[in-house]
Amino acid sequence: MVSDSILDFAAQLSQAPAAPVIEERELHLVVFRLDREEYAVPIELVREVVRVADVTRVPHAPAHIRGVMNLRGRILPIVEIRTRLGLSRADVTPTSRVVVVEVAGRTVGLLVDAVGQVARVSERLIAAPPEEVRTAGAEAVTAVARVGTRLLVLLDLERVLASTTSNVNSTAPSAASQP
Amino acid sequence: MTGPEHPFAALLAEYVAECLPLAEEVVEGALALERAWQEGQSADELFGPLKGTLHTIKGNSAMMGLAGLQNLAHRLEDLWGVLAADPASRDAGAPLFVRGTGLLADLVRGTASGPPPEGAAADYLEEVEAFLASERGAREAAREERRSPDRRTSDRRNPKAGGEVGADGAVATIRVDSRRLDALLESFGEAMIAHAGLGEAMRQLNRRRGTTGELTQLERAMLGLDRTLKRLESALMETRLLPISTVFSRFTRLVRDVAHSEGKRVRLEVAGGETRLDKTVIDRLGEPLVHLITNAVTHGIEPPEERESRGKPAEAVITLRAVQRSDRVILTVTDDGRGLDPEAILRKARALGQAPAVEAPSLAEIFALAFLPGLSTAQRVSQHSGRGVGLDVVASSIRALSGNVSVGSEPGRGTTFLLRLPLTVAVLRSLLVEVDTERYALPLVDVAETVRVLPETLYQVARQGMMTWRGEVIPVMDGGLLLGGGAAESRRYCVVLRSAARHRGVMVDSLLGHHEVVVKALDPSLGRPPAVAAATILGDGRVACILDTGRLADGWVEPVAAAAP
């Protein structure tokens, strides 16, 4: 039967020796755009990319939280990654997307201007960030990758998100008065 | 009773016609047996038919769905088994058996006018149960002596974990992994949200098309769904309720240990342990209660010598009390220690720039300040013993459960923390309001009233909006300012929030009615925004924040102008 042969094939595949040794490791990166710059995060951290639904503002939320969004019955915090990286806040446009990432056990959405294709980048092409990208929020930039004429800025999402939990609100004078 | 309405009235008559003679036969047989035994005869010949007849009655009752009768017949069979096997049991067992057969005959006779009420033979069944259990114990003890335990019967009688077998041999209770209950609750929440979505779509259709036959039909179907969901909700809630004693039980030891290390003498008294709460609430209640009780011992209660010098008994008492009030559970933690010092609290609050806006704050208003971050006296505890956190943390974990906490105290006499908790966690009855085009849900329990306010009835006292409400002058805050937006003169509706200290009004743009909303916890990424307790998803699929009305009412959320950040 046909299905049997497929199953056999599948079984062989699973038993096949590991894929031939790749000479250099490749990173799969999800690339998104903020203004004209291209940023990238490892694909393993990305759960999905969705359109921007209505975002509800949360009063007194931390500075880089734009609000929350309903993602199939789940309440997803939306991180304003633009302001986190020192860019100005932008309006939602038809190309805007939410990149849903899971970092350190937390699932949050990153609001980006547009999402490009997944890039395969050889580790060889990844280098430390040059001076010119060390702007505000630079501690979140781990490296850059040069792909042809493109420059992808690799983000350390744990660092991006770590600072967004600190509350900015009016009733924390006690916190403010402490050094 | 329900006789004529019973769907099987004709069948019931038939059942009585068949079973009544049988039941009377059993009564006769039982009496004959008892007599024979009293006269020292074995009367074995009477046994066989009796058992067969009981079995027939049981079968017929089961067929008619008469569970009470079926149970009773079944229990009588069990009793018969014991009497047949063990002559020693007959002295006590025979009268019980005779009484039971009489009851059986009465119930069968009564069935002509409708099924017997539930629990009609409950008392008797309990008696039989006790008798059977003691007989079982005696037999098992005897068996132990003979070192030949009969595993088969004991296994049948003591079903393994997973369930309890009811009187009719069917499984009466089952154990369920609580995660399955949580999953069930979550699915129920989704059903509620879907239902709200349907309702919203229906209203829009109604507006656009006007009422049509199909719409009326849809409306009727929705009403039916509504009722079913309500029933489902209460059934689901019922399965999730646990007695609060499950969390209370660990505190006796805690009090003893903490008191011991502090060199104090403290006794814990507990009342209302049978009060039931949702499992989630119980699970998350432990930690805040540990804080409150630890704080009471280390802080509230004086050392024995000091107590005695003040004319108090050396042994202090901490009382933990729970009581249900409609759909809330009130929990109090009371100590008879030194009490809170209002002057010290006020001093600290002023130092933190958090003094109340009013000139002469009431005691309740001052005590409410104790829950401010950085203020609670408990922070000194953490330096002493590395244990305990601020009261603000206690308050926020209670608020995360849609509850609230307040404190009352009498200097020198003691302190009482009062926790108000919701009975259930799935849905929250709330008032939906709109402020600056965002919608917010306010738990109805905290809403005293909503009023339309005319501009001329609002006045300013020391830059604080005030209005007269039911003869009381209450502070009124602008909803926009409270929620991190801007002030607007145009808001006309005031939601008056209940508070232990002082009622407070919040001005909103519009009132959108009462809704049952499904409570969803805020993601930790959002930090702990002071005005928001949780979130929910509304009928149109948008998220709305559930406001922390307790905090708003107690004035913990300071209004800010949008320009501030």
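From first to last, the protein sequence lines are chains X and G. Using numbering that gives the first Met the number 0, the first residue of the first sequence is number 0, and each one after it goes up by one. Using numbering that gives the first Met the number 0, the first residue of the second sequence is number 0, and each one after it goes up by one. Where a beta carbon is used, it is the ideal one built from N, C-alpha and C, also for glycine. These numbers were taken from a predicted model, which means no experiment stands behind them.
The three-state reading of DSSP puts G:Pro529 in coil, since its state is none of H, G, I, E or B.
Taking C-beta atoms as the reference points, X:Val29 and X:Val146 fail to come closer than 7 Å.
Per the coordinates, the alpha-carbon of X:Asp90 lies some 12 Å from the alpha-carbon of X:Asp34. With a cutoff of 7 Å on beta-carbon distance, G:Ala104 and G:Val175 are scored as not near each other.
C-alpha of G:Gly198 to C-alpha of G:Gly538: approximately 7 Å in a straight line. Among the CB atoms of chain G, none fall inside 7 Å of the CB of X:Ile77. Counting C-beta pairs closer than 8 Å gives three or more between the region 406–417 of chain G and the region 331–341 of chain G, which meets the contact rule.
Minimum Cα-Cα distance from G:Thr548 among the listed residues G:Val424, G:Lys263, G:Arg497 and G:Arg349 corresponds to G:Arg497. Per the coordinates, the alpha-carbon of X:Ala103 lies some 7 Å from the alpha-carbon of X:Glu157. Note that the C-beta distance between G:Arg419 and G:Arg327 is below 7 Å.
At a beta-carbon threshold of 7 Å, the residues of chain X lying near G:Gly540 are Asn69, ordered along the chain. Residue environment for G:Ser361: exposed (fewer than 16 other C-beta atoms within 10 angstroms of its C-beta). At a cut-off of 7 Å between beta carbons, G:Pro529 contacts chain X. Taking all protein chains in view, the Cβ of X:His59 is crowded by 16 or more other Cβ atoms within 10 Å, so the residue is classified as buried.
G:Ser248 sits in coil when the DSSP states are folded into three classes, being neither helix nor strand.
The Cβ of G:Lys347 sits no closer than 7 Å to any Cβ of chain X. Pairing X:Val99 with X:Ile74, the inter-Cα distance amounts to about 12 Å. In this model, G:Ala258 and G:Arg264 are separated by some 6 Å (Cα to Cα). Looking at the DSSP output, G:Tyr123 shares a beta bridge with no other residue. Just measuring C-alpha positions, the residue of G:Arg249, G:Val269 and G:Glu305 sitting nearest G:Asp282 is G:Arg249. Per DSSP, the continuous alpha helix (DSSP H) segment holding G:Gln216 begins and ends at Gly212 to Arg239. Neighbours of X:Leu160 in chain G, taken as residues at a C-beta separation under 8 Å, are given in chain order as Ser524. With a threshold of 7 Å between beta carbons, G:Ile536 makes contact with chain X.
Remark: C-beta atoms of X:His27 and X:Arg119 approach each other more closely than 7 Å. Minimum Cα-Cα distance from G:Pro528 among the listed residues G:Phe46, G:Glu268 and G:Asp391 corresponds to G:Asp391. Contact between the region 269–287 of chain G and the region 453–467 of chain G is not established, with fewer than three Cβ pairs separated by less than 8 Å.
As DSSP reads the structure, G:Ser41 sits in no beta bridge.
At a cut-off of 7 Å between C-beta atoms, X:His59 counts as an interface residue with respect to chain G. Taking a contact to require three or more Cβ pairs closer than 8 Å, the region 57–76 of chain G and the region 113–133 of chain G qualify as touching. Runs of the beta strand (DSSP E) lying entirely within the region 470–524 of chain G, each at least 3 residues long, are 471–477, 492–496, 503–507 and 509–517 in chain order. In the assembly as shown, X:Arg96 is a buried residue. Its beta-carbon has 16 or more other beta-carbons within 10 Å.
Using a C-beta cut-off of 8 Å, the region 14–31 of chain G makes no contact with the region 138–152 of chain X, since fewer than three inter-stretch Cβ pairs fall below that distance. Interface with chain G (7 Å Cβ-Cβ cutoff): X:Gly72 is included. Beta-carbon to beta-carbon, X:Tyr38 and X:Val114 are separated by about 10 Å, too far to satisfy the 8 Å threshold.
Interface criterion met: the Cβ of X:Asp53 is under 7 Å from a Cβ in chain G.
In the structure shown, the three-state DSSP call for X:Val152 is strand.
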